[in-house]
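The structure under discussion appears below in the form of structure tokens.
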């Protein structure tokens with residue numbers, strides 16, 4: 008297969024994300040299956056009609072209950088949440104992420120300078136967690152910060168965030184959306200404590216960065232990969248990596264109708280693309296109940312298929328999440344959600360009205 012139509016492009020993205028042609032996952036197990044299918048579940052604290060991550064699951068999982076996400080991550084330990092771009096990932100990925108976490112502790116604002124300047128406080132917080140954990144930010148007195156920080160108002164809050172970014176602590180559980188931290192070895196199952204070799208981790212994130220997007224502009228690969236591995240990747244290195252993945256039959260270049268750009272997909276996804284191009288729905292995508300032709304689906308505001316400009320690219324549909332825009336700049340509403348019907352976005356709804 009060398010090229011795909013716009014219709015195939017749209018249906019492939021929706022189907023790969025578990026949003027079309029209907030819910031094919033069910034219950035608590037289905038939530039974990041969705042996480043693996045979509046590569047990540049972005050988290051957001053705002054709760055208007057539901058949190059973004061819950062809306063995302065309602066559209067994919069039959070018999071979904073909001074508590075399923077909590078159970079998956081904090082009771083069954085099948086997932087962990089991490090990152091400045093806060094998301095949940097499958098727990099079995101932790102060894103690869105620990106390579107990333109190690110680099111977070113070596114570079115940038117949260118690198119060795121932060122550790123050196125806060126050595127005594129870091130030791131104190133770790134001791135408290137060891138003796139009394141899990142603990143939340145409010146369990147530490149801390150000193151008020153002289154400058155405002157999005158990460159907290161106390162010095163201990165910044166230390167907790169640093170320890171979390173560098174993988175020394177993990178989120179044990181939440182109350183509401185407040186985090187409670189504990190030492191990594193008391194949260195993650197023992198089989199996931201090791202750090203993956205750096206080359207294996209970089210290979211893993213090269214694949215994951217493409218899988219997350221399902222189909223990716225070739226020129227974007229370099230930036231996605233370097234963000235994922237926490238180091239600079241030159242254009243030449245990115246080209247070499249892509250050539251290697253193509254040679255290994257892991258990645259396939261593909262053309263998209265109406266686009267002059269180069270696109271890439273994982274080779275494992277070619278059967279689904281071929282079925283869609285032939286007018287068939289992949290067997291693995293068979294809905295358990297109703298289809299998107301029989302009911303509409305509200306898409307989450309952070310949905311990969313429609314957020315950050317993708318609604319225009321994929322559906323030729325104007326959509327911007329306006330929750331952080333001043334009232335006078337809003338076009339549609341505070342918490343507007345796109346409405347999926349069939350394989351297309353057909354309307355918007357502001358459930359806060």
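Numbering (our numbering), first residue to last: 8 to 360. Even for Gly, the Cβ is constructed at its ideal location relative to N, Cα and C. Computed from a predicted model, the values in this text were never measured in an experiment.
- A residue is called buried when at least 16 other Cβ atoms come within 10 angstroms of its Cβ; residue 75 meets this threshold and is buried.
- Collapsing the DSSP output to three states places residue 325 in coil.
- Across the structure, residue 225 and residue 254 are spaced so that their CA atoms are roughly 16 Å apart.
- Cβ neighbours of residue 46 within its own chain (closer than 7 Å, five residues either side excluded): 215, 218, 219.
- For residue 211, the uninterrupted alpha helix (DSSP H) segment begins and ends at 205–220.
- Residue 292 and residue 286 have their C-alpha atoms spaced approximately 14 Å apart.
- Per DSSP, the unbroken beta strand (DSSP E) holding residue 182 starts and ends at 176–182.
- Each of 14, 21, 11, 9 was checked against the Cα of residue 310, and the nearest Cα belongs to 21.
- Cβ-Cβ distances below 6 Å link residue 205 to 106 in the same chain, with the five nearest sequence neighbours on each side left out; the list follows chain order.
- The beta carbons of residue 322 and residue 352 sit closer together than 7 Å.
- Its chain contains 111, 117 as the residues whose beta carbon lies nearer than 6 Å to that of residue 172, once the 5 sequence neighbours on both sides are disregarded; these appear in chain order.
- If you draw a 10 Å sphere on the C-beta of residue 331, you find fewer than 16 other C-beta atoms in it, and that means exposed.
- With distances taken between CA atoms, residue 94 lies nearest to 178 out of 344, 178, 299.
- Between the alpha carbons of residue 298 and residue 36 lies a gap of roughly 20 Å.
- A straight line joining the alpha-carbon of residue 338 with that of residue 314 spans about 16 Å.
- In the three-state DSSP reduction, residue 233 falls in the helix class (H, G or I).
- Per DSSP, residue 41 is not a residue of any beta strand (DSSP E); the alpha helix (DSSP H) it occupies stretches across 34–45.
- Every alpha helix (DSSP H) of 4 residues or more that sits fully in the segment 274–350 is shown, in chain order, as 277–284, 317–322.
- Its chain contains no residue whose beta carbon lies nearer than 6 Å to that of residue 250 once the 5 sequence neighbours on both sides are disregarded.
- Given a length threshold of 3 residues, each whole run of the beta strand (DSSP E) inside the segment 37–105 is given here in chain order: 86–89, 94–97.
- Taking C-alpha positions only, residue 342 is separated from residue 60 by approximately 14 Å.
- Shown here, residue 10 sits in a strand according to DSSP, grouped into three states.
- Under the three-state reduction of DSSP output, residue 150 falls in the coil class, being neither helix nor strand.
- Within the same chain, and ignoring the five residues on either side of residue 202 in sequence, the residues whose Cβ sits closer than 7 Å to its Cβ are 102, 105, 106, 109.
- Within the DSSP bridge table, the entry for residue 143 names 187 as partners.
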